[in-house]
Structures are given as C-alpha cells and as structure tokens.
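Colleague:
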C-alpha cells in the first residue's frame with residue numbers, strides 16, 4: 004500500500020498543479036529556473052549576455068543559436084542540496100548524477116552525465132577556462148565506468164554567480180571533451196555584497212547527518228580600480244547505510260555487516276577571484292581554488308571464523324569475528340588562473356595561464372594482507388595504498404572583434420586564438436604491505452583495496468597545441484549564422500580537426516527555429532592510457548570471466564602493459580563525433596517562453612573498459628607463463644579499448660510561465676523534460692589471440708553494450724518546479740520523474756543456465772522536494788525536505804544483492820537514502 008501511495012500521490016500532485024495552471028502551463032526558453040525573474044512583468048532576464056557557445060559580446064540567451072540553460076545562484080540554493088552536481092541534476096533534466104557506493108571510492112568523486120553520455124564527454128569551464136580532471140578513474144560497475152571525470156564538487160556553491168549549460172557539441176570552439184556539451188561556471192564578481200550561511204540536516208532513517216557553513220564577500224582594491232572576492236565553505240557528512248543481512252542459512256544471526264550508502268566526508272574549500280585595472284584598457288585578473296576532501300568508503304565485509312563459511316582461516320589471528328575494510332581517500336585540489344585582457348583598436352584580447360591539479364592519496368583501514376600475515380606472522384591493519392595525481396597546465400590566447408564589412412548588413416564577430424595544453428598523470432606506489440603477494444599462493448594485497456605496486460607506478464605526460472577560428476554574424480535582422488573550426492595536435496596520437504555550423508531564423512519577434520551541425524572529438528584521458536589497479540569485485544552469475552558468483556580480485560591493466568598486449572590490447576585512439584541539433588523557440592508573451600530541441604550524436608571509437616578476461620583458464624595460464632608472466636594476484640583482467648560506435652538520439656523541452664497574482668503573490672512554473680536513447684551501433688571483433696585461446700571473452704560484453712553505453716541511465720526525466728512568493732514567505736516545490744532504466748547481465752547464456760532470470764528493469768519513480776522560506780530584512784530562514792515522500796528505488800533482484808547484503812542498485816539516479824530534512828539560515832548584505 005505504501006509503495007502504491009508513493010506512486011499515486013506525486014503523480015496526482017503533478018496533475019493538480021498542471022490543471023490549476025490551465026492551458027498556460029509551460030515555460031522558459033532554455034532557462035530551467037523560475038527564480039531567474041524577480042517578477043512576471045520582467046519575465047526572465049533573457050537579455051542578459053551569455054558567454055558560452057559564442058564569442059560575440061552581444062549574444063543573449065533569447066537570441067542564442069544553440070540550446071543553453073542559464074541557472075542562477077538563487078536557483079541553485081533553492082534546491083536545498085549543498086553540492087553542485089546534485090543541484091544541477093534537480094534543475095536540468097538531461098543531466099544525471101547517480102550516487103554509487105562500495106565501488107572503490109567512486110563515491111568520492113561522483114560522475115555527472117549529460118544526455119546519457121560518459122561523464123568525461125562533457126567539458127567543464129570556470130569563467131570560460133578549462134577546469135582540470137580529477138585523478139580518480141571510475142573502474143568498477145558504476146555509471147560512467149571507465150571515465151576520468153571532472154570533480155564538480157571542487158567548486159563551492161557560495162562562489163557561483165550563475166551557470167551556463169550548453170546542450171550541444173562544442174569541440175570546434177573549446178576542444179576535447181565537449182561532445183555532449185559544456186558546463187560553464189561563472190563566478191561572482193565585484194566588491195559589493197556577500198552572505199553567510201549555515202545549514203544542517205539528516206535522513207529520516209536517522210543517519211547521514213550533515214552540516215555546512217559558507218561565506219562569500221568582496222573587498223575593494225585601490226578604490227574602484229579592482230576587487231577581490233573570497234568564498235569559503237566547510238562541511239561534514241556522516242555515512243548512510245541501507246545494507247541488509249546476509250540471507251544464506253546460518254548468516255542472518257550475524258546481523259548487518261555490510262555497508263551500502265554515502266561515505267563519511269569532511270570537505271573544505273577556498274576560492275578567490277580578483278580583478279584590477281592596470282590602465283583604462285588593460286585588466287589583470289586571477290582566480291584560484293584550494294580544496295581538501297577526506298572521505299571514507301566501505302569495501303565488502305569479510306566473514307570471520309564464527310560464520311558458516313569463513314573467508315580465510317588466517318582471519319582468526321586478527322579479526323575472528325570478521326572485518327569491514329574501509330577505503331580512505333584524501334583528495335587535495337588546487338587551481339590558479341591568471342591573465343591580462345584588454346582592447347586595442349576595438350580588438351578584445353585575453354592572454355592567460357591555467358594550472359590545475361587533483362591529488363588523491365589512499366589508505367585501506369581496518370584490513371589485513373593474508374599473504375603478508377602468512378609469510379611474516381603479522382600484518383598491519385592500516386595500509387598506505389599509494390597516490391594518484393592528475394595535472395594540467397595551459398596557456399591561452401583569445402582575440403575577437405566585431406568587424407564591419409561593406410557587403411554584409413551587420414558586423415561579423417571574428418574570433419581566433421591558440422592554446423598550449425600540457426597534461427600529466429602520476430601513480431605513486433603504496434607501501435610494501437599494501438600490495439605484497441609473496442609466493443605461497445595465499446591471497447595477497449590489502450583486503451578491500453590493494454595498493455599500487457612499483458610496477459604500477461607511472462609518470463606520464465603529453466602536450467597539445469590548438470588553433471581556432473570563429474565567425475558569427477546576423478546576415479539579416481532575422482537570420483543569424485556562426486561557423487567555427489579548430490585544429491589540434493596531440494603528442495600521443497597526432498592531429499585532429501573539428502568544425503561546426505549553426506544558424507537561427509526568427510520568423511517573428513516571438514518565434515524562431517535554430518539548428519547546428521558539428522564534428523567533435525575527445526582525447527583518451529591519460530588515466531585511461533596508464534591507470535592500473537587490483538581490487539575486489541562482486542561477480543554475479545553470468546559474468547564474462549566465466550567465474551561462479553562471488554568476490555574476486557580483478558586487475559585493470561594499462562593498454563601498453565605486457566599482459567594487456569599479450570591478450571590483445573591496442574593503442575587508444577581519440578573518440579570522434581558528429582552532432583546534429585534542430586529546435587524551436589517560442590515566446591508568445593513576456594511571461595511565457597518555450598523551447599524544444601531534438602538532437603543526434605554519433606560517436607566512433609568509444610573508449611570503454613573491456614569485458615573481464617579470465618586469467619585462471621589452464622591454457623591462458625600456460626600462455627602467460629611462456630611469456631614470462633606468472634603468479635598473478637587477480638582472477639581476471641580488463642583494459643581500455645576503442646571497441647564501439649554509438650548513437651544518441653533525444654529531445655529537450657524547457658518551458659516556464661510566470662504568473663502575477665496581485666496581492667496574492669507570484670507563481671513561477673517551470674516544466675522541463677528530456678528523452679534520451681543511446682544504442683551501440685557496432686562493436687569491433689575480438690582480438691585474434693583471444694579467439695585462438697578460446698577464452699570466454701568478448702571485447703565488450705552484454706552489460707556494456709546494453710547497459711553502461713546505453714540503458715543503465717534513465718531514458719526520460721521530467722522536472723516540474725513551482726516557486727510561490729507572497730510577502731516575506733516563499734514556497735518551492737520540485738517534482739521529478741525519473742524514467743525506467745535496466746541492469747543487464749554480462750552473458751545471457753550463462754545467466755539463463757545458472758538462474759533462469761535475465762535482467763532487471765527498474766520502474767519510474769517520482770521524487771518530491773519541498774522548501775519553505777521566510778525573509779526578514781537581510782535574513783532568510785529555510786526548512787526543507789528532499790525526497791519528502793521517502794521514495795526508494797526498486798530493490799535488486801536476488802541474484803544482484805550479494806546474498807541480500809546490497810539491496811539497491813548503484814545505477815539509481817537519485818540514490819537510495821530516502822527523505823532528507825534540513826534547515827538553513829542565511830544573512831546577506
């Protein structure tokens with residue numbers, strides 16, 4: 004009955020709201036936020052100049068040639084959450100932000116998807132400058148598997164003025180990674196204004212208590228010549244746990260020993276942004292960030308000697324009752340952008356230097372190494388696993404001017420520039436006990452997360468030189484066009500050229516069509532070329548390694564390593580894309596705006612993790628031993644491969660209506676939706692060596708083809724948001740419908756033979772977020788509830804629960820923590 008009410012209640016609420024609005028429900032051109040407008044009379048500030056997807060100094064949101072969402076800081080705050088990607092996922096329907104758990108610290112730097120594509124196929128900019136990637140590579144069974152994404156949580160919410168999300172391919176303008184689109188985070192500027200905020204809350208289940216404090220303010224420099232803005236943020240999150248007891252005979256009485264939920268997190272961030280006028284025509288600017296996040300995530304529980312099936316007899320010497328290994332990640336993030344910009348003869352120029360680095364050190368805590376214990380008679384319980392580091396350095400020169408010609412009615416924006424980009428990726432080995440294997444045959448490496456061995460250590464780098472040219476103009480008062488071309492040369496794979504063409508025709512002052520076509524690319528991340536790791540994974544029935552269901556050590560090896568080359572790996576190539584978008588924009592009144600955009604993205608040479616290749620088959624063991632590789636510490640390996648071509652088709656709808664109710668207040672309604680369909684159109688054949696070995700292996704398994712690259716993210720997402728204000732009171736309600744998604748097994752034949760059950764499709768869910776605000780002078784008080792109806796995703800089918808201990812899927816787009824109740828107090832000036 005409860006589940007039925009959870010389905011009927013939010014659906015009924017949505018219908019009621021839509022009915023109340025009558026035929027006027029709908030929307031805003033490309034703006035997902037009802038609160039961007041102070042009043043219906045002013046509607047949205049669609050005349051605000053945008054800086055993403057254009058290098059014109061006068062292009063506005065209302066005249067954009069490509070679909071773009073502009074999200075204000077006020078709207079981000081109204082979402083209730085304290086982290087940026089979660090806030091964006093509650094505003095932008097084409098953005099997905101799942102909450103993986105028990106996946107080797109993937110929950111430390113969670114991935115964000117745009118249009119169902121990989122997290123590293125969306126480019127993140129801060130004030131128009133490329134933000135650096137995180138050091139963590141997602142290599143377990145989570146959304147974004149195989150990607151090395153940007154960590155959006157490094158940017159404190161308190162520093163953000165607004166965000167521009169370009170929903171179109173933009174490699175020709177910005178280079179690698181912009182296949183799905185661009186997220187450009189615009190920082191607050193100027194010396195005036197500021198605020199201080201304190202928030203706190205916890206989940207209705209009684210765990211996951213959180214608190215956060217933030218402040219941002221400005222300081223004038225030399226009178227009115229410059230300013231410095233400072234944003235501070237600190238917070239703490241306690242872990243959540245939705246694990247269940249082991250349901251095998253003899254195990255339930257041992258209680259709940261696993262952990263499935265959010266990690267423990269301690270987070271601190273500082274961001275500075277400054278500008279100073281050196282002369283009337285030359286400005287110095289700089290912005291920088293320092294952040295530190297310490298998080299602790301669980302691995303799988305190891306049973307002790309008191310269980311019906313002890314993990315290892317040696318466990319009785321250290322943890323007779325079993326133990327839960329914990330993975331501690333200490334992430335330090337640094338960035339600094341400095342530059343000069345100005346004008347000469349009408350030419351706008353910008354010369355900047357950009358540095359960014361993410362460094363993550365790992366410890367496995369509350370664990371042991373069986374091989375070390377066997378060989379030396381003792382074992383540490385805390386292990387230094389090693390350090391990952393990703394760094395970028397760039398120099399950018401951008402020049403632009405509106406040039407008048409005698410043969411065109413309007414000036415042409417001519418923009419050109421160049422970039423030098425250097426990227427590095429470093430793995431430092433852990434201490435000996437963290438990776439020690441020995442020769443006894445006893446399982447080696449720290450349980451839960453084995454450290455990086457000296458053979459895994461790497462210090463890799465590459466550089467890229469790029470040049471671009473952009474042209475943009477209004478050929479007539481109704482017809483605007485833009486074209487761009489960009490050439491790049493990477494030191495590790497050579498040359499690539501991208502181009503784009505976009506246009507917009509305004510039939511009237513209120514109705515227009517727009518479209519674009521472009522090519523794009525994404526350079527394989529250095530982590531995808533050089534990362535390696537051994538970790539414990541749960542293999543369900545039907546896994547591609549051909550192993551019985553259970554927990555095994557699995558090795559991810561670099562494509563250039565000897566074992567990968569022996570088993571068919573090839574040097575990685577860049578991904579290549581073709582993007583097409585066609586849309587309409589309609590503004591029938593000053594209060595009502597709508598946009599609808601359809602798109603198709605075809606990608607060749609998708610970089611993905613291969614299926615698991617068993618290293619236990621006798622012929623494979625003999626083959627590897629004959630080539631000098633023996634005593635492996637894992638049962639299977641995988642590596643990166645350019646295996647697939649994919650096609651993405653979808654549609655975005657954004658609509659907003661602003662109603663003036665007179666003395667009864669104002670009501671702003673936003674209805675936005677995305678439907679997205681990904682499919683793998685072709686897969687390259689297996690390497691010949693694997694066919695000759697007869698290994699149970701496919702270059703991409705069924706789970707990758709149908710799941711990770713296609714349907715393990717919701718195909719549809721709908722967001723209905725209401726903002727009602729009267730007097731000092733305000734109420735915000737957001738109803739989000741997440742469409743169905745499917746968890747696939749690796750091998751259909753093996754899975755059917757083992758259990759007779761195939762895949763699991765998760766039913767759509769409605770999530771309701773509510774907040775009540777009260778303004779008193781410069782103060783604002785907020786009480787809110789996220790997932791106010793305490794909605795959970797469907798539980799996993801038995802085969803995917805690890806004997807009942809992990810009841811929820813890591814694919815859930817809204818997590819599985821239930822209702823979160825919070826309060827906020829903010830003082831602004």
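In this note's numbering, the protein residues as written are 4 to 832.
All residues carry an ideal CB built from backbone N, CA and C; glycine is no exception.
(1) Please identify the residue among 113, 78 and 181 whose C-alpha is closest to the C-alpha of residue 521.
(2) Take residue 207 and list the residues in its own chain whose beta-carbon comes closer than 8 Å to its own, dropping the five residues that flank it on each side.
(3) Using 8 Å as the cut-off, can you tell me whether the segment 472-481 makes contact with the segment 407-421, which would need three or more C-beta pairs spanning the two stretches below that distance?
(4) In the structure shown, what three-state DSSP assignment does residue 64 receive?
(5) Do residue 68 and residue 129 have their C-beta atoms closer together than 8 Å?
(6) Select from 682, 584 and 594 the residue whose C-alpha is nearest the C-alpha of residue 606.
(7) Could you have a look at residue 834 and say whether DSSP puts it in helix, strand or coil?
(8) Give the straight-line distance between the Cα atoms of residue 30 and residue 809, rounded to the nearest whole angstrom.
(9) Identify, in the order they occur along the chain, each residue of the same chain with its Cβ nearer than 8 Å to the Cβ of residue 685, setting aside the five sequence neighbours on each side.
(10) In the DSSP assignment, find the beta strand (DSSP E) that holds residue 685 and state where it starts and stops.
(11) Alpha carbons only, please: which of 580, 560 and 217 is nearest the one belonging to residue 503?
(12) What's the call for residue 667, buried or exposed, on a 16-neighbour Cβ count within 10 Å?
(13) State the start and end residues of the unbroken beta strand (DSSP E) segment that holds residue 605.
(14) Let me know the secondary structure DSSP gives residue 767 once reduced to three states.
(15) For residue 431, I'd like the list of residues in its chain whose CB is within less than 7 Å of its CB, leaving aside the five on either flank, ordered along the chain.
(16) Need the endpoints of the beta strand (DSSP E) that residue 405 sits in, please.
(17) Taking the alpha helix (DSSP H) that residue 471 falls in, what are its first and last residues?
(18) So for residue 524, helix, strand or coil by DSSP?
(19) In the DSSP assignment, what residue or residues form a beta bridge with residue 125?
(20) To the nearest angstrom, how far is the alpha carbon of residue 164 from that of residue 453?
(21) What are the start and end residues of the beta strand (DSSP E) that includes residue 224?
(22) Can you tell me whether residue 615 is helix, strand or coil according to DSSP?
(23) Identify every residue that forms a DSSP beta bridge with residue 298.
(24) According to DSSP, is residue 578 part of a helix, a strand, or is it coil?
(25) For residue 498, which of helix, strand or coil comes out of DSSP?
(26) According to DSSP, simplified to helix, strand and coil, what is residue 151?
(27) What is the residue span of the beta strand (DSSP E) that residue 713 lies within?
(28) In this structure, how does DSSP classify residue 54 when only helix, strand and coil are distinguished?
(29) For a quick check, are the C-beta atoms of residue 222 and residue 194 less than 8 Å apart?
(30) Exposed or buried, what is residue 306 when buried is set at 16 or more other beta-carbons lying within 10 Å of its beta-carbon?
(31) How is the alpha helix (DSSP H) around residue 567 delimited, first residue to last?
(32) Excluding the five sequence neighbours on either side, which residues of its own chain have a C-beta within less than 6 Å of the C-beta of residue 676, listed in chain order?
(33) Name the one or two DSSP bridge partners that residue 778 has.
(34) Check whether the segment 588-599 touches the segment 528-535, taking contact to mean three or more Cβ pairs, one atom from each stretch, closer than 8 Å.
(35) Please say whether residue 176 and residue 1 have beta carbons closer to each other than 8 Å?
(36) One question on the structure: do residue 328 and residue 382 come within less than 8 Å of each other, judged by their Cβ atoms?
Modeller: Reading off the structure:
(1) The residue labelled residue 521 in the question sits at position 518 within the chain shown. Out of 113, 78 and 181, 181 has the C-alpha closest to the C-alpha of residue 521.
(2) Here residue 207 refers to the residue found at position 204 when the chain shown is read from its first residue. Contacts found: 793, 821, 822, 823 and 824.
(3) Judged by Cβ distances under 8 Å, the segment 472-481 makes contact with the segment 407-421, as three or more pairs qualify.
(4) Along the chain shown, read from residue 1 onward, the residue named residue 64 stands at position 61. In this structure, residue 64 counts as helix in the three-state DSSP scheme.
(5) Within the chain shown, the letter at position 65 stands for residue 68. Within the chain shown, the letter at position 126 stands for residue 129. Taking 8 Å as the Cβ cut-off, residue 68 and residue 129 do not qualify as a contacting pair.
(6) As a position in the chain shown, residue 606 is number 603, starting the count at 1. Per the Cα distances, 682.
(7) Since the displayed the chain opens at 4 and closes at 832, residue 834 lies outside it and no answer follows.
(8) Taking the chain shown and counting its residues from 1, the one referred to as residue 30 is at position 27. Taking the chain shown and counting its residues from 1, the one referred to as residue 809 is at position 806. Residue confidence is low: residue 30 scores 32 on pLDDT, short of 50, so the model does not pin down where it sits. Its coordinate-derived value is still stated next. Cα to Cα, the separation comes out at about 41 Å.
(9) What you label residue 685 is simply residue 682 of the chain shown in a count that begins at 1. So the qualifying residues of the chain are 647 and 648.
(10) In the chain shown, residue 685 corresponds to position 682, counting from 1. Here the beta strand (DSSP E) through residue 685 covers 669-686.
(11) Position 500 of the chain shown, counting from 1, holds the residue named residue 503. The shortest Cα separation from residue 503 among 580, 560 and 217 belongs to 580.
(12) Within the chain shown, residue 667 is the residue found at index 664, counting from 1. By the neighbour-count rule (16 or more Cβ atoms within 10 Å), residue 667 is not buried but exposed.
(13) Against the chain shown, residue 605 aligns to sequence position 602. From DSSP, the beta strand (DSSP E) with residue 605 extends over 595-612.
(14) What you label residue 767 is simply residue 764 of the chain shown in a count that begins at 1. In the structure shown, residue 767 sits in coil (DSSP, three-state: anything other than H, G, I, E or B).
(15) Residue numbering aside, residue 431 sits at position 428 when the chain shown is read from its first letter. Closer than 7 Å at Cβ, skipping near neighbours: 389, 390 and 460.
(16) Looking up residue 405 in the chain shown gives position 402. Residue 405 -> beta strand (DSSP E) spans 385-406.
(17) Position 468 of the chain shown holds residue 471. Taken as a continuous stretch (DSSP letters only), residue 471 belongs to no alpha helix (DSSP H), being part of the beta strand (DSSP E) at 461-477.
(18) By one-based count along the chain shown, residue 524 stands at place 521. Assigned with DSSP and collapsed to three states, residue 524 falls in strand.
(19) By one-based count along the chain shown, residue 125 stands at place 122. As a beta-bridge residue in DSSP terms, residue 125 pairs with 184.
(20) In the chain shown, residue 164 corresponds to position 161, counting from 1. In the chain shown, residue 453 corresponds to position 450, counting from 1. Taking the straight line from one Cα to the other gives about 42 Å.
(21) Numbered from its first residue, the chain shown carries residue 224 at position 221. Unbroken beta strand (DSSP E) run through residue 224: 213-224.
(22) Here residue 615 is taken as the residue at index 612 of the chain shown, counted from 1. Here residue 615 sits in coil by DSSP.
(23) Within the chain shown, numbered from 1, the residue matching residue 298 stands at position 295. 268 and 332.
(24) For the purposes of this step, residue 578 is taken as the residue at position 575 of the chain shown. Strand at residue 578.
(25) Translated into positions along the chain shown, residue 498 becomes position 495. Strand.
(26) In the chain shown, counting from the first residue as 1, residue 151 sits at position 148. DSSP places residue 151 outside both helix and strand once states are collapsed to three, so it counts as coil.
(27) Numbered from its first residue, the chain shown carries residue 713 at position 710. Note, residue 713: premise wrong, no beta strand (DSSP E); not H, not E.
(28) In the chain shown, counting from the first residue as 1, residue 54 sits at position 51. Reduced to three states, the DSSP call for residue 54 is coil.
(29) Counting from one through the chain shown, the residue named residue 222 turns up at place 219. Counting from one through the chain shown, the residue named residue 194 turns up at place 191. Between residue 222 and residue 194, the C-beta gap is smaller than 8 Å, which places the two residues in contact.
(30) Here residue 306 is taken as the residue at index 303 of the chain shown, counted from 1. That one is buried.
(31) The residue given as residue 567 occupies position 564 in the chain shown. 565-569 is the span of the alpha helix (DSSP H), which, as asked, contains residue 567.
(32) Looking up residue 676 in the chain shown gives position 673. If we look at residue 676 and ignore the five residues flanking it on each side, its Cβ neighbours are 96, 656 and 721.
(33) As a working note, residue 778 is residue 775 in the chain shown. Beta-bridge analysis with DSSP links residue 778 to 783.
(34) no
(35) Here the chain covers residues 4 to 832 and nothing more, so residue 1 does not appear.
(36) Taking the chain shown and counting its residues from 1, the one referred to as residue 328 is at position 325. Taking the chain shown and counting its residues from 1, the one referred to as residue 382 is at position 379. In this structure, residue 382 does not lie closer than 8 Å to residue 328 by Cβ.
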